[in-house]
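A short worksheet on the structure shown next.
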Amino acid sequence: MTIATWNVNSIRTRLPRLLAWLERRRPDIVCLQETKVEDERFPVAELGGLGYRTLACGEKTYNGVAILSRSPGTDIVRCLPDDGADAQRRILVTTIDGVRIVDVYAPNGGELGSPRYAYKLEWYRRLRAFLAAAFDPGQDLVLCGDLNIAPDERDVWDPEQWRGQVMCSEPERECFRALVGWGLTDALRMHQPEAGGLYTWWDYRAGAFRRNRGLRIDHILLSPSLAKRCSAVLIDREERKGARPSDHAPVIAAIP
DNA sequence: ATGGCTACTCCTAGTAGA
Numbered sequence: 005m006t007i008a009t010w011n012v013n014s015i016r017t018r019l020p021r022l023l024a025w026l027e028r029r030r031p032d033i034v035c036l037q038e039t040k041v042e043d044e045r046f047p048v049a050e051l052g053g054l055g056y057r058t059l060a061c062g063e064k065t066y067n068g069v070a071i072l073s074r075s076p077g078t079d080i081v082r083c084l085p086d087d088g089a090d091a092q093r094r095i096l097v098t099t100i101d102g103v104r105i106v107d108v109y110a111p112n113g114g115e116l117g118s119p120r121y122a123y124k125l126e127w128y129r130r131l132r133a134f135l136a137a138a139f140d141p142g143q144d145l146v147l148c149g150d151l152n153i154a155p156d157e158r159d160v161w162d163p164e165q166w167r168g169q170v171m172c173s174e175p176e177r178e179c180f181r182a183l184v185g186w187g188l189t190d191a192l193r194m195h196q197p198e199a200g201g202l203y204t205w206w207d208y209r210a211g212a213f214r215r216n217r218g219l220r221i222d223h224i225l226l227s228p229s230l231a232k233r234c235s236a237v238l239i240d241r242e243e244r245k246g247a248r249p250s251d252h253a254p255v256i257a258a259i260p
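Following this line, the structure appears as structure tokens:
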């Protein structure tokens, strides 16, 4: 199977590009983030026309995650167990073809020391607790999405400029290492252990994409059984080019 | 030249993204 993750920055704005990309890449499972739409308004019919089923967990304007798949999903979980009824829509879990899929849109974090930064760290603590309580690293499991953390200096175009900034701070990186420490493998780094310049997000401003001034903040993390099978991981930079792109590129893992 | 953007909303200004 191929599984992809993509922060589309609005499913409605990105729908033409998403449909063309699905036709070209034909991934089996796609985890989307920042759909920015309530579930009633999600473009289910258009995606169905290409043979994809939709599971959506969204809200108006902000956040929102969704999972597209050829096979149906079962055992669906929306939000974290300690989220309230009005929680930000940031997590969606399902099982597809025997693989547990955890689709995540982590908080941005605002500025270091801000309430939103504290919320991000707390949210990661709750995510880690959810993993421990609800899953087993011995199962076939993928945790992927926009984690809003660049794990180390190889993942940042200018480590000096970004040192201590949000997405690069040591407490955030400790949150990423806690996921890996639970038993997950960073699929891209498994295949490209040293390479720099591999980014998944580039600012819309300042010609950042053209200059490859980016960050690697979108990740596919695999349980050991899937890491063993994963044969390739691709950052689909083509999707950051052209008219009206998302500011994120998709990441695709092949798991034969 | 060191900045330049995009998408959302009871839309035309303010907020958020990262």
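Anchor point for the first sequence: position 79 equals 83 in this note's numbering, and the numbering is continuous, going up by one each time. Note that the Cβ used here is the ideal one computed from N, Cα and C, for glycine as well.
Inset, instruction - Helix, strand or coil for residue 257, going by three-state DSSP, please let me know. - result: strand
Legend entry - Spatial neighbours of residue 130 in its chain, beta-carbon cut-off 7 Å, leaving aside the 5 residues before and after: 84 and 86
Inset, instruction - Reducing DSSP to helix, strand and coil, say where residue 15 ends up. - result: helix
Inset, instruction - Quick one: residues in its chain with C-beta nearer than 6 Å to the C-beta of residue 77, no 5 flanking neighbours on either side, listed in chain order? - result: 59, 98 and 100
Inset, instruction - Taking residue 179 as part of the alpha helix (DSSP H), name the residues at either end of that continuous run. - result: 174 to 187
Legend entry - DSSP-derived helix/strand/coil call for residue 218: strand
Inset, instruction - Specify the secondary structure class of residue 37 as computed by DSSP and reduced to three states. - result: strand
Inset, instruction - Check residue 147 in the structure and name its three-state DSSP category. - result: strand
Inset, instruction - Note down the Cα distance separating residue 106 from residue 96, rounded to an integer number of angstroms. - result: 6 Å
Legend entry - Endpoints, alpha helix (DSSP H) assigned at residue 48: 48 to 52
Legend entry - Segment limits, beta strand (DSSP E) that includes residue 295: Nothing in the structure corresponds to residue 295, since the chain is present only between 5 and 260.
Legend entry - Presumed contact (8 Å Cβ cut-off) between residue 65 and residue 35, rounded CB distance: Residue 65 to residue 35, Cβ: 20 Å. No contact.
Inset, instruction - Can you give me the start and stop residues for the alpha helix (DSSP H) that residue 128 sits inside? - result: 119 to 138
Inset, instruction - Find out if the Cβ-Cβ distance for the pair residue 170, residue 114 is shorter than 9 Å. - result: yes
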